[in-house]
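First comes the structure, then the notes that go with it.
Residue numbers (my numbering): 2 to 352.
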């Protein structure tokens, strides 16, 4: 008989950084659209696998020179490539033992809920009384908490003792009964320092408005994050003022056309293309991830330690009110007097 210890060892050998297990009864208060028993009625356990986001994937955003790496290697690459392979292979091991396994990564594009948690209007309907509307999507951060790998911080991010907010999670729902891990006591990592609030570039994390929920018998509280605003801010958009016309999202989001201009946390004149289907976190999770990580590291809370601090200089801002600074640039294989040199090269300003 395969054990919880065997599952954890196998998961880590396949690429997971953290593994925790929760018994299905911990989801007894889950809303119907997030209830794993709606997917597998005879489920016994949920296995949560955590995958670290490399600290180095945030380096280029912190320096203001290399933005795509976090969205590709730190977000999309994990979500759409690395995580599914690990979860699928672990699910094979479980099904080879005669138990069913539902592999669930971070992919939730078909979910019936919007980003705030409401049903999408005119999207899908239950197939029978007592069933949820498809697609059910388990709240993965809550799963991380209920499987004992971390706690929910004030920013609503899952924080782990290894990597803080630098983690993405996937789960496996199974009818195999496994020994569950203890739940981490809320407040173990997050001390409400409010660094996430101060550094969120759009002010999307309020200091005075929270959400409370009973999760697995614990009373949890986190910020009532403005998810609609976050959706535009993390892509580098800023709402235009009266009399202004923005073109940042034009051609990409019809609903946002003419309403947004580039913000102080993007160097791009227009929103860049998606990476791995959805990833384009231009702001580099400045408050919810980078500021939180810096705070946790400074307090010595994380086991994944580094020889040097992450932030070594004042954070930059792009000043779109001024002309861009001209870069002293020479093409690597042709001189400035080459007939191919038809444009100037510019960079962004900093303060």
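Just so it is clear, CB atoms sit at the ideal spot from N, CA and C, and this is done for glycine as well.
As the structure is a prediction and not an experimental result, all values here were calculated from the model.
30 is the residue among 30, 168, 234, 122 whose C-alpha sits nearest the C-alpha of residue 221. A direct Cα-to-Cα measurement between residue 69 and residue 173 gives close to 29 Å. Annotated as proximal: residue 148 and residue 49, with beta-carbon spacing under 8 Å.
The C-beta of residue 87 has 16 or more other C-beta atoms within 10 Å across all chains shown, which makes the residue buried. For residue 71, the enclosing alpha helix (DSSP H) stretches over residues 69-72. Runs of the alpha helix (DSSP H) spanning 4 or more residues and lying entirely within the stretch 141-165 occur at 141-147, in chain order.
In the displayed model, residue 82 falls within a helix according to three-state DSSP. The DSSP-derived three-state label of residue 216 is strand. Under the DSSP assignment, residue 61 falls in the alpha helix (DSSP H) whose first and last residues are 60-64. With fewer than three CB-CB distances shorter than 8 Å, the stretch 309-321 does not count as touching the stretch 172-190.
Between residue 191 and residue 155 the beta-carbon gap is near 6 Å, inside 8 Å, which marks them as a contact. Buried is the label assigned to residue 260, since at least 16 other Cβ atoms lie within 10 Å of its Cβ. In the DSSP assignment, residue 22 falls outside any alpha helix (DSSP H) and within the unbroken beta strand (DSSP E) covering 19-24. By the criterion of a C-beta distance shorter than 6 Å, residue 27 is surrounded in its chain by 147, 217, once the five residues flanking it on both sides are discounted.
Inter-residue distance for residue 54 and residue 207 is about 25 Å (C-alpha atoms, whole angstroms).
Annotation: residue 281 to residue 2 spans about 44 Å, alpha carbon to alpha carbon.
Residue 200 sits in a helix when the DSSP states are folded into three classes. From the listed residues 177, 58, 243, 253, the smallest Cα separation to residue 8 is found for 177. Residue 175 is not a Cβ neighbour of residue 51, given a cutoff of 8 Å. By the beta-carbon neighbour count (other beta carbons within 10 angstroms, threshold 16), residue 297 is buried. Burial of residue 164 is indicated by the presence of at least 16 other C-beta atoms within 10 angstroms of its C-beta. Going by DSSP, residue 293 is part of the alpha helix (DSSP H) stretching over 293-299. Boundaries for residue 3: no alpha helix (DSSP H) harbours it, and the DSSP string shows neither H nor E there. Under DSSP, residue 114 shares a beta bridge with 120. In the structure shown, residue 228 adopts helical secondary structure according to DSSP, grouped into three states. Residue range 261-263 is occupied by the beta strand (DSSP E) that includes residue 261. The count of Cβ pairs closer than 8 Å, one atom from the stretch 195-203 and one from the stretch 54-68, stays below three, leaving the stretches out of contact. Here the C-alpha atom of residue 79 lies approximately 44 Å from the C-alpha atom of residue 338. For residue 126, the CB contacts under 7 Å within the same chain, skipping 5 residues up- and downstream, are 134 in chain order. With a threshold of 16 other beta carbon atoms within 10 Å, residue 129 falls short and is exposed. Here the C-alpha atom of residue 224 lies approximately 26 Å from the C-alpha atom of residue 22. From the listed residues 295, 257, 232, 250, the smallest Cα separation to residue 274 is found for 250.
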